[in-house]
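The sequence shown begins at 1357 in the numbering used here and counts up one residue at a time. By construction, the Cβ of each residue, glycine as well, lies at the ideal position given by its N, Cα and C atoms.
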Amino acid sequence: MLGWLYALLLRSFPPDFRRQERPEAAEDFMRLWVESPGRRYRLKVAAVAFGRLPLALAHDWAGWLRDGERRRVHQIDEAPHWRSGMSDLMRSVRHAVRGLAKNPAFSLSTGFLMALGIGAVTTIFTIVDHVVLRPLPYPEPDRLVTLEQGSHSGPLVGEMERLPTFESLSAVTTGYANLVGVGQPQRLVQGEITSGFFELFGASPAAGRLLDDGDFASPDRVVISRGAWTRIWGDDPELVGRSITVDGESLVVVGVTTQAFATPRSVTGLEVDLWRPLDWSDPGYQSHERWSLEVAARLAPGR
């Protein structure tokens, strides 16, 4: 099987090589393959033989094209020196196109390598642009930090809030929730946040208002993301003030975030549809054993 594949790949070499050396090259590979003492040595033979093919292919085609140009009889252009350089450029382009058309294997390999290189460079630039060059869509992004090393417990978050290092700090935990009463039941992503989360990330309402300090005493309030508002309720302005049922609980919609507000997925992990106040009365959040909160903070001035 490998011998057949190796012989097939040798067909992509220039005509002179295929006529003179291809049969011997294929026979040499098969001889080394058969005579190799054991599977390990056979794999080594295959790795060396196949690994050298790309470089040899490029080298042989380049040499063949160069020698072919030397063999061609060029008519010497004795036109005056004032002739426009555009004519020379077009002549070079025509020569290049004819050369590529006469050597389709070389043309395909060159095109593939160029596409691969351009694609890789474009991908790398896109990542660098989004991660390094383009600023985060939040106020004073250079002062925003996330606290890593896994999730955190409620008591630990309380201790962090007292640190002078941070000007403000907020926590979030995300999970899936079931919305009923609006057509077919839907599975949405719910984010439970502590006070100051929206202020930390510069959110503003498209309708209604965002969560305020009073809402955290009554965790039956909810803010809808703009995407969910459009997708599920069709931008219905009457949604604000109405109740929706999520996981069997009746929640009052107090507002909708703007389209410009980008979910900080570095802490949420998912694109959030519903934003609710974190219920600190849940005994789990008072325990050092429940590590479920992700934390973001804004550094104090001078830190």
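Hey, how far is the Cα of residue i from the Cα of residue j?
{"i": "V1623", "j": "V1578", "result": "19 Å"}
{"i": "D1592", "j": "A1652", "result": "32 Å"}
{"i": "A1533", "j": "L1544", "result": "5 Å"}
{"i": "R1621", "j": "E1627", "result": "7 Å"}
{"i": "R1654", "j": "F1468", "result": "47 Å"}
{"i": "G1597", "j": "E1650", "result": "29 Å"}
{"i": "S1465", "j": "A1476", "result": "16 Å"}
{"i": "A1321", "j": "E1645", "result": "Summary: the structure shown does not reach residue 1321, with the chain confined to residues 1357 through 1659, and so no result is reported for it."}
{"i": "P1633", "j": "G1473", "result": "48 Å"}
{"i": "R1587", "j": "S1599", "result": "18 Å"}
{"i": "I1348", "j": "I1549", "result": "Lying outside 1357 to 1659, the shown extent of the chain, residue 1348 is not represented and no answer is given."}
{"i": "G1537", "j": "Y1641", "result": "30 Å"}
{"i": "L1525", "j": "A1562", "result": "24 Å"}
{"i": "R1499", "j": "F1553", "result": "15 Å"}
Between the Cα of residue i and those of the options, spot the shortest distance and give me the residue it belongs to.
{"i": "D1603", "options": "Q1505, Q1546, L1519, V1528", "result": "Q1546"}
{"i": "L1503", "options": "D1635, M1516, P1495, F1554", "result": "M1516"}
{"i": "S1648", "options": "R1632, T1529, T1586", "result": "T1529"}
{"i": "D1629", "options": "R1598, S1643, V1609", "result": "V1609"}
{"i": "F1557", "options": "R1646, R1632, P1493", "result": "P1493"}
{"i": "E1496", "options": "S1574, R1587, E1555, T1478", "result": "E1555"}
{"i": "S1678", "options": "A1471, I1474, I1480, G1514", "result": "Not covered by the structure: residue 1678. The range shown for the chain is 1357 to 1659."}
{"i": "G1531", "options": "T1478, R1587, G1625", "result": "G1625"}
{"i": "A1584", "options": "L1472, A1559, L1535, D1568", "result": "L1535"}
{"i": "R1565", "options": "I1588, G1611, E1523", "result": "G1611"}
{"i": "G1590", "options": "G1552, D1569, T1521, G1539", "result": "G1539"}
{"i": "P1541", "options": "W1631, T1601, P1657", "result": "T1601"}
Tell me, please, which residues DSSP counts as bridged to residue i.
{"i": "S1606", "result": "T1601"}
{"i": "A1652", "result": "T1502, S1526"}
{"i": "G1611", "result": "G1564, V1579"}
Between residue i and chain C, is the shortest Cβ-Cβ distance under 8 Å, so that the two count as touching?
{"i": "V1610", "result": "In summary, chain C is missing from the structure at hand, where a single protein chain is found."}
Could you give the first and the last residue of the continuous beta strand (DSSP E) run that contains residue i?
{"i": "E1314", "result": "In the structure as shown, the chain begins at 1357 and stops at 1659. Residue 1314 is therefore absent and cannot be evaluated."}
{"i": "W1631", "result": "1630 to 1633"}
{"i": "T1624", "result": "Counting along the chain, T1624 falls outside any beta strand (DSSP E), though it belongs to the alpha helix (DSSP H) covering 1621 to 1624."}
{"i": "T1529", "result": "1522 to 1536"}
{"i": "A1563", "result": "1561 to 1564"}
{"i": "R1543", "result": "1542 to 1549"}
Can you tell me where the alpha helix (DSSP H) with residue i in it begins and where it stops?
{"i": "E1555", "result": "1553 to 1556"}
{"i": "R1582", "result": "1582 to 1589"}
Is it a yes or a no for the stretch 1510 to 1517 touching the stretch 1608 to 1627, going by three-plus beta-carbon pairs under 8 Å?
-> Using a C-beta cut-off of 8 Å, the stretch 1510 to 1517 makes no contact with the stretch 1608 to 1627, since fewer than three inter-stretch Cβ pairs fall below that distance.
Report yes or no: do the stretch 1631 to 1639 and the stretch 1575 to 1590 share at least 3 C-beta pairs separated by less than 8 Å?
-> In short, these stretches touch, since the Cβ pair count reaches three.
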